[in-house]
Each structure stands twice: as C-alpha cells, then as structure tokens.
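From first to last, the protein sequence lines are chains E and A. For reference, each letter of the first sequence is one residue, going 1 to 326 in my numbering. For reference, each letter of the second sequence is one residue, going 1001 to 1326 in my numbering. For each residue, glycine too, the CB sits at the ideal point set by N, CA and C. For clarity, every value in this text was computed on a predicted model and none was experimentally measured. To keep things clear, I will list the structure first and then write my remarks on it.
2 protein chains.
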Amino acid sequence: MKTRVTQMLGIEHPIVQGGMQWVGRAQLAAAVSNAGGLGILTALTQASPEDLCKEISRCRTMTDKPFAVNLTILPTIKPVPYGEYVDAIVESGVRIVETAGRNPEPWLPAFKKAGITVIHKCTSIRHALKAEAIGCDMVSVDGFECAGHPGEDDVTNLILLPLAARRLKIPFLASGGFADGRGLAAALAMGADGINMGTRFMVTEEAPIHHSVKQAMVEASELDTTLIFRSLRNTSRVFSNSVAKQVVAIEAQAGETQFDDIAPLVKGVRGRELFETGDLEHGVWSAGMVIGLIDDIPSCQTLLTRMVAEAQTIISERLQGLLADS
Amino acid sequence: MKTRVTQMLGIEHPIVQGGMQWVGRAQLAAAVSNAGGLGILTALTQASPEDLCKEISRCRTMTDKPFAVNLTILPTIKPVPYGEYVDAIVESGVRIVETAGRNPEPWLPAFKKAGITVIHKCTSIRHALKAEAIGCDMVSVDGFECAGHPGEDDVTNLILLPLAARRLKIPFLASGGFADGRGLAAALAMGADGINMGTRFMVTEEAPIHHSVKQAMVEASELDTTLIFRSLRNTSRVFSNSVAKQVVAIEAQAGETQFDDIAPLVKGVRGRELFETGDLEHGVWSAGMVIGLIDDIPSCQTLLTRMVAEAQTIISERLQGLLADS
C-alpha cells in the first residue's frame, strides 16, 4: 500500500508504532521498522539525553530502516530537561519525531532546522488544526478508545477521523482502536493515511515487557480497560487491574481528588517495574480498548504481514464485491 | 451496493433509519424508504396500539417500499402494554421489526410465526451473541458514540464492529457514529452489512421535528453531547443543553442519584414538546456524537444518494488506488 504517510516516512506499510513509556525501546522499534512499519523509541524511557543517544545508536545496529523518536510532554513531578532531549534527537541524526502531550511549538524550530519530519499526536480536531497551523508535517488523531491519554473530550475515532479528513490538509494517522486489517481498511476509508498502534505492539514477541503482561492482555476482553485520573483532568486509559479499580473508587468518592490521595496506590514509577517483573498488581499500565481484539502474541513481522494482507483482501474482494453486485 | 442486509430487507442501499421516540413517524419512515433505505416507525411514539395501526396504514399511503416498526422496551414510569403493540404490529402485516432495550425473547415467537424479520439492537457483543442464539435474524451493534442508550460498557464501534464480524454468523448493522459516506465505507470495511443512523436522519427535511432543533444540531460540534442518567444505570446520550448540564451536575454531586432528584428538570415527556415547539431548553433530547459531522438539512433522498456515491468513490477510487500504487 502506498499513502501520503508511507511516502513521507519512507516506509512500506502505513502502520506506525505508538510512543509508549518503558515499551518503546530499540528491540521493539527495530522490529516494527524491519517489518515495514515505523518503529518509535520513546525518549523519556531513557533516563538521560545521553542514554537516548545510546539507544538510538543501538537501534541503528538492529535496523537500517527509518525509525522515529517520541517526545511526550506531560505533567511530571520531577522537571524534565526537554531541551536537552531535543538536542540529543537532533544531534543523533534521527529523521522523524513524534511529539505528544502538549503544544510542540517551542521545539519545532530546532526540529525543522534539522529537516526532521514532525508528527504531532492530538486528541481533538482543534489541536490537530493548531498543529497544522504551526507547521507540523503530520498529525496522529487519538480517539477515546486509545491507551494512555485520550484527553477530556471523550470523542471517538468514528467521529474524529471523518472530521480530520474534512478539515486537515496535512496527512494524518488514525490512533486508538486499531489492531487488525479490518481497522486498517476502515481507517483508510475514513480518510486517514495510515494507523498508529500502541497496545497491539505491546502484545508482540519483541515488546520488551514481561510475558505475563502480554498474556493478561491476550486474555482480557474489550471491557477490561478503565479511565483513571479524570478528577485530575489528566485522564488515562489503563488495564483494569485491582490498582486501577481502587483509583476509580477513590475518584468516584472524592469528586475533585488530589494526586496525593492516589499516588500511594500507583507504586513506584508507573508501569516500569510491573513490565519488568510481570507482577500485574504492581501499579497500573496503559492499555487501549483494542485489548478486546488481541488474541495472540505474534512477531511484528507476522502481525504486519497479516494485517496488510487482510486489509488488501477487504478492499479488493469484499468492498469491490459489494459494488460489483449492485 | 448489495449486502446481506439489502438482500434480507429488500432495500436498495444498506442504510437503516434508527428507531427514535417522537421522530419515527410515517413522514420520515416513508421518506427514508422511498430514498432506498429502510424507514422505521417507532411503536411507542403512538399513544396506543390502535394509533400504531393507523400510523402503519398512513405510512403505506406514502411509500410502497419496505419499512419497519421499532419496539423499544425500557424502564418506564407507566406500564406499557407491549403485548398489544406486538399484536398490532403482527396484524398490520409489517414484515420487519426492530427490537431494542431489553431481551426480545418473549415476543419472538409471535414475530417468527408471522414470518417477520427481527433486527435486535444491542450495545455489547454478549447481547448480540444472545440475540443470535435466540433466533433474531440480524442485529444492530450500537457503540458508545450513539444517541440515546449506549449501555454502561462505553465500548466504541471501532472495537465492537470487528468483534461482531469475528463472532457473529448473522448479518449486522453498525449503529452509532455514522453520518456520511466515509463512515458507511468504514462500517462495510469492518464487516458490517450496513449502517443504522438516527441522529443524521433527525436533521433532514422530512424529520417531523421543529426546525430550531435541526438547526441547533447543524450548528453543534462533536463536543456538544453529554451522558445523563449514568447514576441510574440507564445512561443516555443527549444534546448538551442547559437542562442536560444541570442533570450532569446533580449526578456528579450526588453519586447514586435518585430519579426523583432529576425528573423535575426533565419537564413533561422527554423530547416531545421540545420537538414540537422548538423550545431547546424544554427538557432533553437524544443526539449522537455525529452531530459534529452534520452540516446541513438535506432531504432523505439527497442524503442517501450523496452518502452512497461517496462510499462508492472511496471504495473504487481511493482504496483501490492505494493498492494499485503498491
């Protein structure tokens, strides 16, 4: 398949890996890129800008295909030296960056000067239009379905994507709710130039997280995610384990909850230790509604080959067939 | 287009009008059917089974195409003689029924004996599988996006539809989130055999509601719906007017709210007077997230012709083109 996204990013399939804290490391990003998609390293998974440079170098030893770096700007307890991470990205020679969380305008001049293609992840049409206006090359439109931060609007991708197609001039990726060839074909039908998948890539052989986490996601249904931190206006969609349920209960009682009431439940650094140890009740981790569509733990190569073949068959056989009969 | 839905229902386009209280009257149902879709009369919009018989007769004078009757079984303050409505539907010779709200099993024998095709509207995969198991001919899968009653699961159609395609044997309609040709093409790509639209048909020339209501929906964005009655576990997606906002505020404060706390706000019979007078703050009315995709008030004929043409172009030009280039 050839779309504006495959052409701009220099990739074979219109499938981009989502930026995922603690998951977006070289082994996953390289596997996605080697399979013909776009792999993404997550900058803040690395403890320092120097470590990020090392991870970028490591990724280069694992693939000669394009890969990107995600830079997510979110409220944090400890200040993050974003400028230094930006410098590290530029100096490392990476050609594609995904920004997320907040308006990327402060960092755009540095990226554009270096000729870097910037994809900004948005959870609303107004933010997508803003990203286009300030010079981003592409946006990723994130629906209510998505893992992690869906924003506070609760608008789903069936609405956001046709709206994006009507209003945006730059190419856009459909993000949140995609895990198979049906979804890929649907996203392209709605006007997206490709899809972005996070949760589906967590449940692959190459994702650097404990097998127990992957297995729990295989076994889960579409009902096994929940929204936490809504009372903080920092909503996050996570796997609905016992910790997430406790957070939901506290938020329901307290109305306007303080972070201090919730933080002790979300032990240590969210997700990291859980991903390493496989202790599923140690904190919370982001998971999209598509866990209900995930039934196996394939390699990235198997996954992408299967999805693209399925989408191609849907387009050339099923959909064409519906027209031919009329 | 020809799908299992067009074939089973004997219609030209795979587009079904949703059952809508106070809106699903003969003038709208006939207009949808005359335009090649399936129009639906809403049984409980008529004050008695006798009135429903008269409305069915009236609809027959307005179209010679197939149309259906919706029977919605929901919690009501005043008991409803459902059995008598079922008898009226059967005796009137209607060939297609849409059931919604609760398990239709008690009424199925009467419908099946009369050779009526039964479409059951579901908000979850488990209910869709149950409907298939008890002998419904088709289901309508209603996502979180939908107007009226989305259930309590909050799962969107990007997840529900591919799941339905994997698990159901009977044909299914995609319901909630659809208003244009992009959505129609996407629904077919995900495996649906057609779409069901309510909100989009409210904003047509023939919908028997006040112009002010239609105009408000044209002017609204995707952010202008809200969920009420969640505290009663009878969640409803409505247009976010001042009354709806008051209900949301009461529910947020009270936790487990009693219906008695909310009822005085929702004056009179929900929607009916508002639809007649155009007084937009007199009660609440159901509206789906797709109000963000609705920009005009076309005739049903114009709407369906445009949507089908758009979907055909997407399939035969855009999607085929993406393959041809690869």
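Legend entry - Closer than 9 Å to chain A by CB, G10 (chain E): no
Inset, instruction - Go through its chain and collect everything with a Cβ distance to N1234 (chain A)'s Cβ below 8 Å, but skip five positions before and after it. - result: These residues qualify, in order along the chain: L1074, P1075, H1149.
Inset, instruction - Grab the span of the alpha helix (DSSP H) containing L173 (chain E) for me, first residue to last. - result: First-last for L173 (chain E): 172-175, but that is the beta strand (DSSP E), not the alpha helix (DSSP H).
Legend entry - CA-to-CA distance, E1050 (chain A) to R1025 (chain A), given in whole angstroms: Going by the C-alpha atoms only, they are around 15 Å apart.
Inset, instruction - Determine the chain A residues that contact L322 (chain E) at a beta-carbon separation under 7 Å, and present them in chain order. - result: Result: M1001, K1002, T1003, L1188.
Inset, instruction - Compare the beta carbon distance of L1044 (chain A) and A1068 (chain A) with 9 Å and say whether it is the shorter of the two. - result: no
Inset, instruction - At 3 residues or longer, and completely inside the segment 1149-1233 of chain A: list those beta strand (DSSP E) runs for me, N to C. - result: 1172-1175, 1194-1197, 1225-1228
Inset, instruction - Determine the contact status of Q1007 (chain A) and Q320 (chain E), defining contact as a CB-CB distance below 9 Å. - result: No, the pair does not count as a contact, with Cβ atoms beyond the cut-off.
Legend entry - Proximity winner among E:K169, E:K78, E:A147, E:A244, relative to R4 (chain E) (alpha-carbon distances): It is E:K169.
Inset, instruction - Answer yes or no: do S1221 (chain A) and I1291 (chain A) have a C-beta to C-beta separation smaller than 9 Å? - result: yes
Inset, instruction - Report whether the distance from the Cβ of L303 (chain E) to the nearest heavy atom of the ligand FAD is below 8 Å. - result: Looking for the ligand FAD in the displayed structure turns up nothing, as the structure carries no ligands at all.
Inset, instruction - Would you mind listing the beta strand (DSSP E) stretches within the segment 66-153 of chain E that are 3+ residues and don't spill past its ends, in chain order? - result: 67-72, 96-100, 117-122, 138-142
Inset, instruction - With a floor of 4 residues, list each alpha helix (DSSP H) that falls wholly inside the segment 1017-1065 of chain A, ordered by position along the chain. - result: Complete alpha helix (DSSP H) runs here, min 4: 1026-1034, 1049-1062.
Legend entry - Residue from A:A1031, A:K1078, A:T1072, A:G1036 with nearest C-alpha to R1058 (chain A): Minimum Cα distance to R1058 (chain A) is reached at A:A1031.
Legend entry - Length of the line joining the Cα atoms of R237 (chain E) and K1113 (chain A): Between R237 (chain E) and K1113 (chain A), the C-alpha separation is close to 47 Å.
Inset, instruction - Kindly confirm or deny that the segment 169-181 of chain E and the segment 287-304 of chain E touch, where touching means at least three C-beta pairs closer than 8 Å. - result: yes
Legend entry - Coarse secondary structure for V266 (chain E), derived from DSSP in three states: Assignment of V266 (chain E) by DSSP, reduced to helix, strand and coil, places it in the coil class.
Legend entry - Helix, strand or coil at V1284 (chain A) according to DSSP, with G and I counted as helix: coil
Legend entry - Selection from E:N70, E:R102, E:S299, E:T156 that minimises the alpha carbon distance to R95 (chain E): E:N70
Inset, instruction - Leaving aside the five residues before and after T1156 (chain A) along the sequence, list all residues of the same chain whose C-beta is less than 8 Å from its C-beta, in chain order. - result: G1143, F1144, E1145, G1177
Inset, instruction - Please confirm if S1156 (chain A) has its CB atom under 9 Å from at least one CB of chain E. - result: Note that residue 1156 (chain A) is Thr in the sequence shown, not Ser. Chain E, which has a Cβ nearer than 9 Å to the Cβ of T1156 (chain A), makes this yes.
Inset, instruction - Quick one: list the residues of chain A neighbouring R182 (chain E), beta-carbon separation under 7 Å, in chain order. - result: The contacting residues are P1162, A1165, A1189, M1190, G1191.
Legend entry - Contact the segment 1078-1088 of chain A vs the segment 1101-1115 of chain A: 3+ CB pairs below 8 Å: As far as the Cβ criterion goes, the segment 1078-1088 of chain A touches the segment 1101-1115 of chain A, which means the pair count is three or higher.
Legend entry - Which of helix, strand or coil DSSP assigns to I15 (chain E): strand
Legend entry - Inter-stretch contact at 8 Å, needing at least 3 Cβ pairs: the segment 192-205 of chain E / the segment 7-18 of chain E: Because the criterion of three Cβ pairs below 8 Å is met, the segment 192-205 of chain E and the segment 7-18 of chain E touch.
Legend entry - Neighbour flag for V290 (chain E) against chain A, beta carbons, 9 Å: yes
Inset, instruction - Just mark K1121 (chain A) as buried or exposed, buried being the case when its beta carbon has 16 or more other beta carbons within 10 Å. - result: buried
Inset, instruction - Work out the CA separation of V1203 (chain A) and A1035 (chain A) for me, nearest whole Å. - result: Linking A1035 (chain A) to V1203 (chain A) through their CA atoms gives a straight-line distance of about 15 Å.
Legend entry - Reduced DSSP secondary structure (H/G/I, E/B, other) of A1236 (chain A): Reading off the sequence, residue 1236 (chain A) comes out as Ser, not Ala. Here S1236 (chain A) sits in strand by DSSP.
Legend entry - Chain-order list of residues whose beta-carbon lies under 6 Å from that of D153 (chain E) (same chain, five-residue window excluded): S124
Inset, instruction - Taking T1310 (chain A) as part of the alpha helix (DSSP H), name the residues at either end of that continuous run. - result: Note on identity: in this sequence residue 1310 (chain A) is Glu, with Thr being the wrong assignment. Per DSSP, E1310 (chain A) belongs to the alpha helix (DSSP H) from 1300-1313.
Legend entry - Inter-residue spacing [alpha-carbon to alpha-carbon] between L303 (chain E) and Q258 (chain E): Linking L303 (chain E) to Q258 (chain E) through their CA atoms gives a straight-line distance of about 41 Å.
Legend entry - Distance between L227 (chain E) and V1266 (chain A) (C-alpha atoms, nearest Å): If I take the Cα positions, the gap works out to 29 Å.
Inset, instruction - May I ask you to report which of helix, strand or coil DSSP gives L289 (chain E)? - result: The question names Leu, but residue 289 (chain E) is Met in the sequence shown. DSSP places M289 (chain E) in helix when its eight states are reduced to three.
Legend entry - Contact list for I159 (chain E) against chain A, beta-carbon separation under 8 Å: E1145, G1177, E1222, M1289, V1290, G1292, L1293
Legend entry - Close beta carbons around L52 (chain E), own chain, < 8 Å, minus the five adjacent residues each side: L41, A43, Q46, V69, Y85, A88, I89, S92
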